[in-house]
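Each residue of the sequence shown is one higher than the one before, starting from 3 at the first, in this note's numbering. A virtual CB, placed ideally from N, CA and C, is assigned to each residue, including glycine.
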Amino acid sequence: MKLPLLRVLCKYWFTSWHTYLLSFVLPVALYFISTRVTNMFNSNASFLALPGSILLAVVINGLVDLPIAFFEFKQTTFARQLHLLRASTGHLIITLLFINFCVSITAGFWLMLVAISSYYQAIHLSWINWITLGWTIILASSVSGLIGIMIGYFHRDLKIILVLAISVFLILAFLTGMLFPLGVIRSDQSLNFLGYFFPTTFLANLMNSSFFWNVPSWILDSNLYPNLTYFSQLHNIWLPTIIIFAWILVFTTIIFWQNSYQDK
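Structure follows, in structure tokens:
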């Protein structure tokens, strides 16, 4: 990774107001909305809505902001700066993924702090497996960043890239439990079936596992958290991790092919 390139990208990224709006303001607003909606069905809404909301905060930057940034540095006047810095497209991709990783982790834990400060008694910190939570955030940042780079490669028209990025984000958000608890999606057979065709569904499984890792047995036998009935193996993190790594390999291969194709 080239430090001069990192400085240029950081200056672009962190002086853009839409970065803060997209990563730190919008996820918080959607979390409170999701909590209010979920509260109509379950009094434990603030905790049920938190896993999906954190996943949304982690992936939204990679799915929406990263394609735009990649396009601008590849196709606009920023490309001249890359030429002057003697930076290749590979350097650009690695640097953008690193910045996305830092922003995603910060956004995820920022939303966690907001939730704890707002609904402290309803956020069961003792239930959370923090190692699994951190691991899920790392995987989610990687997957969303790679998808964002692929979208940025898709077309030379920024409007088409923007529409595609928003469309992909909304589909993933609705089908993988980012806007509502995943149990709401799993309760519908058709939506549940569609969800398994997307890598973010397995990220949602990991995220829910991390939040319900140490649930007392009497709660598992009660109906306080009906969301748990859709997770028969809460501690099974290996299978989702392997599947996500397979998706990462697929996305990386596609990006490598796209880069080789455009270089020709």
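The region 98–113 makes contact with the region 55–65: 3 or more CB pairs, one atom from each, lie closer than 8 Å. Note on P201: 16 or more other CB atoms within 10 angstroms of its CB, so buried under the neighbour-count rule. In this structure, L172 sits away from L57, with a CB-CB distance that is not shorter than 9 Å. The beta-carbon separation of G54 and F182, rounded to 7 Å, stays under the 8 Å limit for a contact. Taking S48 as the centre and dropping the five residues before and after it, the same chain places the C-beta of T37, Y121 and A124 closer than 6 Å to its C-beta, in chain order.
At least 9 Å separates the beta-carbon of L174 from that of I70. CA-CA distance, Y33 to G179, rounds to 12 Å.
Under the DSSP assignment, Q191 falls in the alpha helix (DSSP H) whose first and last residues are Q191 to G197. Straight-line measurement puts the Cα of S119 at about 37 Å from the Cα of G154. One thing to note: L98 has its Cβ within 9 Å of the Cβ of F72.
The alpha-carbon separation between F213 and S146 amounts to approximately 21 Å. Just measuring C-alpha positions, the residue of I101, F100, R9 and I139 sitting nearest N210 is I139.
N131 sits close to W215, with the two beta carbons spaced by under 9 Å. Put simply, the backbone Cα of L94 is about 21 Å away from that of I162. Just so you know, the alpha carbons of I250 and P242 end up roughly 12 Å apart.
As the crow flies, the alpha-carbon of I239 is around 23 Å from that of D190.
Short of 6 Å from the beta carbon of S18, and not among the five residues preceding or following it, lies no beta carbon of its own chain. Taking 9 Å as the cut-off, the beta carbon of A59 is found closer than this to the beta carbon of G110.
The beta carbon of L28 sits closer than 8 Å to those of I62, all from its chain and outside the five residues before and after it, given in chain order.
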